[in-house]
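Those sequence lines, one after another, are chains A and B.
Going by the UniProt record's numbering, the residue at position 179 of the first sequence is 179; the numbering climbs one at a time, nothing skipped.
Going by the UniProt record's numbering, the residue at position 483 of the second sequence is 483; the numbering climbs one at a time, nothing skipped.
This report concerns only the one structure given below.
There are 2 protein chains.
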Amino acid sequence: MAAYDELMAHARETEALAQVAGRLGWDQETVMPRAAAPQRGEEMAAMESVLHARRSDPRVGDWLAEANASGEVEAAQLRQIRRAFDRANKVPAKLASAIARVTSEAQGAWAEARAADDVAAFLPVLQEVVALKREEGAALSAGGDVYDAMLDDYEPGATAADLSQMFGALRPRLVELRAAILETEAPPALEGVFDESAQMKLARQIAKTFGYDMARGRVDKAVHPFSSGSGLDVRITTRTDELDPFNCIYSTIHEVGHGAYEQNVDRRYLLTPLGQGASMGVHESQSRIYENQIGRSRAFTGWLYGQMREAFGDFGIADEETFFGTVNRVQNGYIRTEADEVQYNLHVLLRFDLERALIARDLEVEDLEAAWNERFEADFGFAVDKPSHGVLQDVHWSVGLFGYFATYTLGNVYAGCLHQSMRAALPELDAALAQGNTTPATDWLQEKVQRHGGLVPPRELIENACGFTPNEAPLLDYLEEKFSAIYKL
Amino acid sequence: MAAYDELMAHARETEALAQVAGRLGWDQETVMPRAAAPQRGEEMAAMESVLHARRSDPRVGDWLAEANASGEVEAAQLRQIRRAFDRANKVPAKLASAIARVTSEAQGAWAEARAADDVAAFLPVLQEVVALKREEGAALSAGGDVYDAMLDDYEPGATAADLSQMFGALRPRLVELRAAILETEAPPALEGVFDESAQMKLARQIAKTFGYDMARGRVDKAVHPFSSGSGLDVRITTRTDELDPFNCIYSTIHEVGHGAYEQNVDRRYLLTPLGQGASMGVHESQSRIYENQIGRSRAFTGWLYGQMREAFGDFGIADEETFFGTVNRVQNGYIRTEADEVQYNLHVLLRFDLERALIARDLEVEDLEAAWNERFEADFGFAVDKPSHGVLQDVHWSVGLFGYFATYTLGNVYAGCLHQSMRAALPELDAALAQGNTTPATDWLQEKVQRHGGLVPPRELIENACGFTPNEAPLLDYLEEKFSAIYKL
């Protein structure tokens, strides 16, 4: 067999095993018996060890040295395999397993500290995580910028310098927009009790409306909604709260964005290194454009209003126009995951700046809480009342996810760019959305973004799709226009 | 690290991976999206290939050569690892993968042939399966008896000669008992419609009654009930039929027998080669004694009668005594999985004799149907009406499971032995069962059998538990006594 074919046969089996490992994660969050956790930890560790050994296998290096790419697809496959091979070989196995052990412990410590609002209890183990991640970053960067190496793990090609410039342009206009909105009168909030099984029924129907294929997926409940898997088995989860049906509906639409992306990758890439989304940022662009630019648009919420009245009867909102405002209410809040479109990115930018300083040793772990609280008050205009509403609110740092937060805002920026181009290409889109028909939009996204999987590097993929260099202006313009209209600014 | 410790660390990771592979099977039968099957096939194959490579790893051979067992447990661990190592190395990887490919195809062909009642459509692929299994058996037996090597795969130490003697003693007394029963008047059958969610609720309650730990397990529905997993994550499935609540109840109790066995293995053996049931036969002894000797006893069915009246109201059976007869009704039937305690083993003996002849080339695949029909009429007194009621009824041969059927009857024989000793040890057992309290029985089984996992070879384990050499007499005595009373023979 030629080196390329041997390499691909090996990679295919590795991808299949990665799917299995991913499904263990799904199982853990949805159906696993509660006392199974210790055994599950060993099962996950065993799968990770198998995957690491396969990715760093010296034979992969030999095949890579010999293999010839006969075309664009083959070249992209080799690029992805080389990326995984280099990464697996740069991080010593001992360090990787120390990170796995410490972050597993840190996650438990974080959960306890958050529940007790006790920052001091979390700091020692966070200290350890940061130290190990700095070490890993140094190994990955091989003399280059450590934080860039971390970013590259989630967003190939991204640099802190580029992102800083983009985020620096976002921040003042978002702070200003937020302040202007909060000075005016808010649309009415949703009130009442909404049957949870009716919410799930509606959520499943909406998932299908957005093109999510139930024959290759399923929708379950989980504490924190997520999507999982690629190809023919892509599952999503959502949650219900009888006082807040929007949580269920928009969590579902968001996860459907991730899930549909994975389902829509070109079938020829199934179980190959190209058979997944291009990056975390591009992934988030899909989940966000489904959720916000489409799902929270005036046209689509008009249709949704009718669906909700069918499901729940009269729920006290007078008409579509008022409902549009209710869906897009902006209000003060501490929590990133509960934030609206306007404030969400301010939460992310705060974390990006703090974690970058942490990794660069410009900020030490013991000063993190003070830095958080100061920055929060500067951007949001009020003080954090307790750590679980501040520095302890997200699991990410305990799991060692440094460089990850940035992809949330990058995804929103990409969604803004894609939305601008999509609107230009589909002048009749609102008429379809008003009928609950998202197909023109999802077809456009499938054609321009989703079907390509990992074929093209993320930034290039978005640039090809949009026809211009990705930048923050379309997102800002969209937000200012939409919320000026709702809030009559 | 000492060779033994290195070997055990390796084995522990292998066991964790085997649990993952097992859970993929559970997922496939319960929650997998229907269009995911092709991808799942590749995922399973990748896991099998990883497991085979680990079990046959030459380092395992080196460690085995060097390792010293410091006690009984260590010696048993080495015995189990050596067994798996020898097996993995005896069967050439090419043959193993040919068997995997052909049996996967054969399973589909069997399902279609059964649906169409078309034996001829199934024979060519069965031919291939038998040829490959003969080849595998030859590799495993290394010059010894081929069928014994197959048996040994499921029941370490069992031989066709021993089983034939045992089964030969069973058959005439079972044929005679069956004929006598069917000449007398049967107890009334169950009639009416039984709400399926009430069945599941009752089934879950009964599972707990039998000591199944829901914190380390779960009960779902599947087309064919099964149990899956070891240690801290042992799941069972059952099924419901609104006309036949006994199907749900006794499938659940049967699978609880398997599941509780796995849950009750000594926690020190978790994720080691000893951390599972000793053999298929011992496993079946637990599921059968839970289901039949306990679950279909006069005392327990008295309690169950009350539970069913609570769940379903008056369902037309006048009293406990009549209900006991209804639960234990014997009637003509073609299908093994629907057979009562008296006839079940006759179905198994038929398959044992036919498959043994097939493997020994005393019977060829093209003559299998005729041989089946002839034997069936001899033992059951009436003719098979169509292949789906005869030679096409079981999936086993299409999957390559030769040597497996025997463990069903061996399990029943072991259950008979264990029941005799348990009754002698627990003279007050019926008083507890009449209150729905199975704890004295399950505690006895846990102490004598379940906690030992794979520590002791199966036959020795049962002999230690019973205090006598396992044989068919206790099962026959029990059946004759029980059914003579019910049918007033």
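Where a beta carbon is used, it is the ideal one built from N, C-alpha and C, also for glycine.
Collapsed DSSP secondary structure at residue i in the structure displayed
{"i": "Thr159 (chain A)", "result": "coil"}
{"i": "Arg59 (chain A)", "result": "helix"}
{"i": "Gly454 (chain A)", "result": "coil"}
{"i": "Ser227 (chain B)", "result": "strand"}
{"i": "Val327 (chain B)", "result": "helix"}
{"i": "Arg134 (chain A)", "result": "helix"}
{"i": "Thr439 (chain A)", "result": "helix"}
{"i": "residue 491 (chain A)", "result": "Not covered by the structure: residue 491 (chain A). The range shown for chain A is 1 to 489."}
{"i": "Lys90 (chain A)", "result": "helix"}
{"i": "Ile335 (chain B)", "result": "coil"}
{"i": "Asp220 (chain A)", "result": "strand"}
{"i": "Arg268 (chain A)", "result": "helix"}
{"i": "Arg239 (chain A)", "result": "coil"}
{"i": "Val282 (chain B)", "result": "helix"}
{"i": "Val31 (chain A)", "result": "coil"}
{"i": "Ile384 (chain A)", "result": "Note that residue 384 (chain A) corresponds to Val in the displayed sequence, not to Ile. If DSSP states are grouped into helix, strand and coil, Val384 (chain A) belongs with coil."}
{"i": "Val413 (chain A)", "result": "helix"}
{"i": "Val50 (chain B)", "result": "helix"}
{"i": "Val129 (chain B)", "result": "helix"}
{"i": "Val234 (chain B)", "result": "strand"}
{"i": "Asp117 (chain A)", "result": "coil"}
{"i": "Tyr404 (chain B)", "result": "coil"}
{"i": "Ser164 (chain A)", "result": "helix"}
Buried or exposed by the 16-neighbour rule on C-beta atoms within 10 Å, applied to residue i
{"i": "Arg218 (chain A)", "result": "buried"}
{"i": "Phe468 (chain B)", "result": "exposed"}
{"i": "Phe382 (chain B)", "result": "exposed"}
{"i": "Lys133 (chain B)", "result": "buried"}
{"i": "Leu243 (chain A)", "result": "exposed"}
{"i": "His224 (chain B)", "result": "exposed"}
{"i": "Glu374 (chain B)", "result": "exposed"}
{"i": "Arg268 (chain A)", "result": "exposed"}
{"i": "Arg101 (chain B)", "result": "exposed"}
{"i": "Ser279 (chain B)", "result": "buried"}
{"i": "Lys482 (chain B)", "result": "buried"}
{"i": "Thr409 (chain A)", "result": "buried"}
{"i": "Asp319 (chain B)", "result": "exposed"}
{"i": "Thr337 (chain A)", "result": "exposed"}
{"i": "Gly400 (chain B)", "result": "buried"}
{"i": "Arg23 (chain B)", "result": "buried"}
Residue i: first and last residue of the uninterrupted alpha helix (DSSP H) it sits in
{"i": "Asp353 (chain B)", "result": "Glu341 to Ile359"}
{"i": "Asp367 (chain A)", "result": "It is not in any alpha helix (DSSP H) - Asp367 (chain A) carries neither H nor E in the DSSP assignment."}
{"i": "Phe300 (chain B)", "result": "Arg298 to Phe312"}
{"i": "Phe483 (chain B)", "result": "Ala473 to Tyr487"}
{"i": "Ser197 (chain A)", "result": "Glu196 to Thr209"}
{"i": "Asp394 (chain B)", "result": "From DSSP, Asp394 (chain B) is part of no alpha helix (DSSP H); its letter is neither H nor E."}
{"i": "Tyr147 (chain A)", "result": "Val146 to Tyr154"}
{"i": "Ala431 (chain B)", "result": "Leu429 to Leu433"}
Expected contact under 8 Å - CB spacing of residue i and residue j to nearest Å
{"i": "Leu297 (chain A)", "j": "Glu255 (chain A)", "result": "Looking at the sequence provided, one finds Ser at residue 297 (chain A) rather than Leu. About 19 Å separates the two Cβ atoms, so there is no contact after all."}
{"i": "Val60 (chain A)", "j": "His10 (chain A)", "result": "7 Å"}
{"i": "Val20 (chain A)", "j": "Val193 (chain B)", "result": "Wrong, their Cβ atoms sit about 41 Å apart, outside the cutoff."}
{"i": "Thr14 (chain A)", "j": "Leu64 (chain A)", "result": "No, Thr14 (chain A) and Leu64 (chain A) are not in contact; Cβ-Cβ is about 14 Å, not under 8 Å."}
{"i": "Ala180 (chain B)", "j": "Leu489 (chain B)", "result": "5 Å"}
{"i": "Arg178 (chain A)", "j": "Leu346 (chain A)", "result": "7 Å"}
{"i": "Arg288 (chain B)", "j": "Gly316 (chain B)", "result": "Between Gly316 (chain B) and Arg288 (chain B) the Cβ distance is about 29 Å, and since that is not below 8 Å, they are no contact."}
Cross-chain neighbours of residue i in chain A, by beta carbon under 8 Å
{"i": "Pro38 (chain B)", "result": "Leu232"}
{"i": "Arg216 (chain B)", "result": "Pro33, Ala35 and Ala36"}
{"i": "Gln19 (chain B)", "result": "Gln39 and Glu43"}
{"i": "Ala100 (chain B)", "result": "Per Cβ cutoff of 8 Å: no residues; Ala100 (chain B) is ~14 Å from chain A at best."}
{"i": "Ala88 (chain B)", "result": "Those within 8 Å of Ala88 (chain B) in chain A number zero; the least Cβ separation is about 17 Å."}
Residues that residue i contacts on chain A, provided the C-beta gap is smaller than 7 Å
{"i": "Arg23 (chain B)", "result": "Asp27"}
{"i": "Ser49 (chain B)", "result": "Glu13"}
{"i": "residue 490 (chain B)", "result": "Examination of residue 490 (chain B) is not possible in this model, given that chain B is present from 1 through 489 alone."}
Partner residues on chain B for residue i, Cβ-Cβ distance less than 8 Å
{"i": "Ala93 (chain A)", "result": "Those do not exist, as Ala93 (chain A) stays about 14 Å from chain B at its closest Cβ, beyond 8 Å."}
{"i": "Ala431 (chain A)", "result": "The premise fails here: Ala431 (chain A) is roughly 32 Å from chain B at the closest Cβ pair, so nothing lies under 8 Å."}
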